[in-house]
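Notes to accompany the following structure.
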Amino acid sequence: MNQTKYIFVTGGVTSSLGKGIIAASLAKLLQARGYRTTIQKFDPYLNVDPGTLNPYEHGECYVTDDGAETDLDLGHYERFLNVPTSQANNVTTGRIYLSVIEKERRGEFLGKTVQVVPHITNEIKERMQLLGNSGDYDIVITEIGGTVGDIESLPYIESVRQLVWDLGESNAIVIHLTLVPYLAAAGELKTKPTQHSVKTLMESGIKADILVCRTEHELSQEIRNKLALFCNVKKEAVIQSIDASTIYEVPNLMLEEGLDTVALKKLDLPKKAAPDMKNWNTFLSRIKNPKHTVNIGLIGKYVEMQDCYKSILEAFIHAGAANETKVNVVSIHSEYITAANINEKLKGLDAILVAPGFGERGIEGKIEAVRHARENKLPFFGICLGMQMAVIEYSRNVLGYSEANSTEMNEGTSHPVVNLMEEQKNVTDKGGTMRLGAWKCDIKEGSLAHKIYGQTSISERHRHRYEYNSSYVDVLQKAGLNASGINPNTGLVEIVEIEDHPFFIGVQYHPEYKSTVANPHPIFVNFVAAAVKAKRSK
Ligand code: GLN
Numbered sequence: 057m058n059q060t061k062y063i064f065v066t067g068g069v070t071s072s073l074g075k076g077i078i079a080a081s082l083a084k085l086l087q088a089r090g091y092r093t094t095i096q097k098f099d100p101y102l103n104v105d106p107g108t109l110n111p112y113e114h115g116e117c118y119v120t121d122d123g124a125e126t127d128l129d130l131g132h133y134e135r136f137l138n139v140p141t142s143q144a145n146n147v148t149t150g151r152i153y154l155s156v157i158e159k160e161r162r163g164e165f166l167g168k169t170v171q172v173v174p175h176i177t178n179e180i181k182e183r184m185q186l187l188g189n190s191g192d193y194d195i196v197i198t199e200i201g202g203t204v205g206d207i208e209s210l211p212y213i214e215s216v217r218q219l220v221w222d223l224g225e226s227n228a229i230v231i232h233l234t235l236v237p238y239l240a241a242a243g244e245l246k247t248k249p250t251q252h253s254v255k256t257l258m259e260s261g262i263k264a265d266i267l268v269c270r271t272e273h274e275l276s277q278e279i280r281n282k283l284a285l286f287c288n289v290k291k292e293a294v295i296q297s298i299d300a301s302t303i304y305e306v307p308n309l310m311l312e313e314g315l316d317t318v319a320l321k322k323l324d325l326p327k328k329a330a331p332d333m334k335n336w337n338t339f340l341s342r343i344k345n346p347k348h349t350v351n352i353g354l355i356g357k358y359v360e361m362q363d364c365y366k367s368i369l370e371a372f373i374h375a376g377a378a379n380e381t382k383v384n385v386v387s388i389h390s391e392y393i394t395a396a397n398i399n400e401k402l403k404g405l406d407a408i409l410v411a412p413g414f415g416e417r418g419i420e421g422k423i424e425a426v427r428h429a430r431e432n433k434l435p436f437f438g439i440c441l442g443m444q445m446a447v448i449e450y451s452r453n454v455l456g457y458s459e460a461n462s463t464e465m466n467e468g469t470s471h472p473v474v475n476l477m478e479e480q481k482n483v484t485d486k487g488g489t490m491r492l493g494a495w496k497c498d499i500k501e502g503s504l505a506h507k508i509y510g511q512t513s514i515s516e517r518h519r520h521r522y523e524y525n526s527s528y529v530d531v532l533q534k535a536g537l538n539a540s541g542i543n544p545n546t547g548l549v550e551i552v553e554i555e556d557h558p559f560f561i562g563v564q565y566h567p568e569y570k571s572t573v574a575n576p577h578p579i580f581v582n583f584v585a586a587a588v589k590a591k592r593s594k
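The numbering of the sequence shown is our numbering, which starts it at 57 and goes up by one.
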């Protein structure tokens with residue numbers, strides 16, 4: 057096996073520059089040239105994983121097959137590369153410290169003073185090389201969360217410095233992502249923040265090999281020369297990253313700028329073939345030239361922040377492309393939906409998706425939205441909590457169990473149609489204790505789910521504590537709520553659907569996590585198709 061090569065991506069000037077998208081775009085190009093590439097993210101906060109964070113803090117919590125609760129950037133990595141990630145792809149400072157402190161308690165450092173350098177940095181370095189040492193990858197791209205200069209990023213930056221020293225400059229390089237702001241009053245792009253940010257990096261002993269400069273305007277040759285000279289990088293290593301209309305355009309923009317070729321040259325790797333972007337570009341042209349447009353309501357409670365439903369929004373883009381359709385996602389706050397205003401709120405929609413979520417806030421509005429979709433034959437798709445709401449709605453309004461609820465919302469309900477899973481009953485810790493990751497599901501032949509997946513055995517990712525109460529499955533089945541997907545080992549209902557409806561499906565799992573550019577998720581694809589059909593027949 058050849059030496060695995062490492063590319064570190066750091067960020068300066070401000071946060072939210074899109075390091076994840078740059079890392080994913082570079083990885084896409086390297087993959088398209090024939091390199092086995094993976095991306096990992098190191099986050100500087102003290103939570104052991106983002107599972108305990110409110111989505112308003114860092115956006116959606118993404119879940120991998122192996123049940124890791126991770127940063128949403130891993131979603132971008134999978135969507136771009138179409139290769140599953142795992143716990144090893146996302147490490148937080150909390151996880152590093154937890155592991156070092158556990159080792160200390162076990163006596164693994166017996167006799168020594170345990171310190172940030174070398175113990176924390178060694179742990180970081182080990183984890184940074186974990187995927188690289190597996191032999192599965194030629195190139196490992198590591199995104200360092202946060203901004204250079206932050207106190208909390210220091211151990212990561214020091215670890216990168218050491219790794220570049222350990223591995224050698226042609227085996228490990230650093231890409232620094234910065235902002236080149238435009239001052240409208242002066243009519244100029246400004247390089248100073250980038251110069252300062254590179255200087256901060258140098259104070260930590262790291263020389264940036266490549267600068268990726270986020271900008272709203274084209275960088276002139278003069279600006280590029282200035283950046284190269286003052287930031288001590290080659291001219292060809294000043295890469296412009298101009299605002300794009302879609303994140304899926306960024307790999308092509310990076311290709312034009314030569315980011316992949318500069319990186320390969322620094323790493324002493326051959327360019328191999330020109331990147332094969334044929335399928336990617338077909339996808340892009342489909343997003344850009346849609347034949348239809350549909351309006352799909354996203355009924356949730358985190359609608360103020362786009363990132364909270366990141367994977368769902370991206371899955372709609374993939375499914376839209378598959379249907380040559382532009383999907384306008386209309387965010388609707390479930391807290392403000394009532395029986396009195398539902399027609400008004402859902403006016404003009406061709407389909408609705410009821411979103412995942414936790415806690416009581418906004419659930420009555422979600423139930424009302426399900427009722428509206430069911431009664432008006434509007435295509436409906438419920439995910440996790442959205443599926444549970446469909447079970448409650450059917451129990452209340454079709455069976456007449458007016459008190460039906462989830463015990464998450466009302467512990468004393470006389471009809472707990474959704475209740476805490478058995479294995480959750482003794483769980484008290486909140487971190488990493490939900491039913492997580494990939495589980496199998498058997499699909500009933502002839503069901504809508506069967507038509508959608510084209511197979512009777514699937515595997516999907518989960519993140520929940522409550523389930524459709526098995527004591528109600530028969531009576532609801534008889535009343536017309538078909539439990540069409542069942543976990544073969546536990547009997548847990550994974551999918552519900554209604555036959556006498558153009559498209560009504562609720563799933564306990566999160567299909568959005570598995571939708572990628574190369575493999576748009578079949579439920580999303582069929583749901584968008586149902587919305588197109590619904591619009592046509594209006
Ligand atoms: N709150 C619900 C549960 O824990 C649904 C979770 C979700 O939507 N991810 O089961």
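Note that the Cβ used here is the ideal one computed from N, Cα and C, for glycine as well.
Asked, Found
"Beta carbon of Cys440: closer than 7 Å to some heavy atom of the ligand GLN?", "yes"
"Taking only heavy atoms of the ligand GLN into account, decide whether any of them is closer than 7 Å to the Cβ of Arg521.", "yes"
"Please find out if some non-hydrogen atom of the ligand GLN comes closer than 7 Å to the beta-carbon of Phe414.", "yes"
"Should Glu272 be listed as close to the ligand GLN, given that the test is whether its C-beta is under 7 Å from any heavy atom?", "no"
"If we count Cβ pairs, one from each stretch, closer than 8 Å, do we get three or more for the region 417–428 versus the region 540–550?", "no"
"Please check the pair Gly442 and Lys422, which I expect to be a contact at CB under 8 Å, by giving their CB distance rounded to whole angstroms.", "7 Å"
"For the pair the region 76–86 and the region 94–101, tell me if three or more CB-CB distances fall below 8 Å.", "yes"
"Taking just the CA atoms, how far does Arg521 sit from Thr148?", "24 Å"
"Using the rule of at least 16 other Cβ atoms within 10 Å of the residue's Cβ for burial, across every protein chain shown, is Gln296 buried or exposed?", "buried"
"Look up Cys117 in the DSSP assignment and say whether it is helix, strand or coil.", "coil"
"Nearest CA to the CA of Gly502: which residue from Asn466, Asp530, Ala539 and His232?", "Ala539"
"What distance in whole Å lies between the Cβ atoms of Leu137 and Thr93, which are believed to be in contact at a cut-off of 8 Å?", "7 Å"
"Let me know the secondary structure DSSP gives His175 once reduced to three states.", "helix"
"Could you check where the alpha helix (DSSP H) with Cys287 kicks off and where it finishes?", "Gln277 to Cys287"
"Taking Cβ positions, are Ile200 and Ile63 nearer each other than 8 Å?", "no"
"Assign Arg491 to one of two classes, buried (16 or more other C-beta atoms within 10 Å of its C-beta) or exposed (fewer than that).", "buried"
"Please list the terminal residues of the continuous alpha helix (DSSP H) segment that includes Tyr392.", "Where Tyr392 is concerned, there is no enclosing alpha helix (DSSP H), given that its DSSP letter is neither H nor E."
"Should the region 214–232 be called in touch with the region 255–271, which here means at least 3 C-beta pairs below 8 Å?", "yes"
"Mapping DSSP to helix, strand and coil, what is Cys269?", "strand"
"Which residue comes first and which comes last in the beta strand (DSSP E) that contains Asp99?", "Thr93 to Asp99"
"Runs of 4 residues minimum, wholly inside the region 289–339: which ones carry the alpha helix (DSSP H) assignment?", "306–313 and 315–322"
"Candidates Ala396, Phe372 and Asn379: which alpha carbon is nearest Val385's?", "Phe372"
"Please check the pair Ala375 and Pro576, which I expect to be a contact at CB under 8 Å, by giving their CB distance rounded to whole angstroms.", "5 Å"
"Less than 8 Å separating the beta-carbons of Asp498 and Glu116?", "no"
"So, Pro558 versus Ala586, is the Cβ gap smaller than 8 Å?", "yes"
"Between the region 527–538 and the region 448–467, can you find at least three pairs of beta-carbon atoms closer than 8 Å?", "yes"
"On the three-state DSSP scale, how would you describe Phe583?", "helix"
"Quick one: grab the DSSP three-state call for Gly224.", "coil"
"Closer than 8 Å by C-beta to Leu102: which residues in its own chain qualify, once you throw out the five before and the five after it? Chain order, please.", "Thr148, Thr149, Gly150 and Tyr153"
"Contact between the region 114–133 and the region 475–494 is defined here as three or more beta-carbon pairs at a separation below 8 Å; is this criterion met?", "yes"
"Where in the region 177–221 do unbroken runs of the alpha helix (DSSP H), each at least 4 residues long, occur, reported from the N-terminal end onward?", "177–184"
"Just to confirm my understanding: we take Pro108, look at its own chain, exclude 5 residues before and 5 after, and list those with CB closer than 7 Å. What are they?", "In the sequence under discussion, the amino acid at residue 108 is Thr, which differs from the Pro named in the question. Result list for Thr108: Lys486 and Gly487, in chain order."
"Does DSSP classify Cys364 as helix, strand or coil?", "helix"
"Within the same chain, show all residues whose beta-carbon is closer than 6 Å to that of Gln143, passing over the 5 residues directly before and after it, in chain order.", "Asp122 and Ala124"
"Does at least one heavy atom of the ligand GLN sit under 7 Å from the Cβ of Glu4?", "Residue 4 lies beyond the residue range present for the chain, which begins at 57 and ends at 594; the question has no answer from this structure."
"What are the boundary residues of the beta strand (DSSP E) that includes Leu402?", "Looking at the DSSP string, Leu402 is not in any beta strand (DSSP E), and its letter there is neither H nor E."
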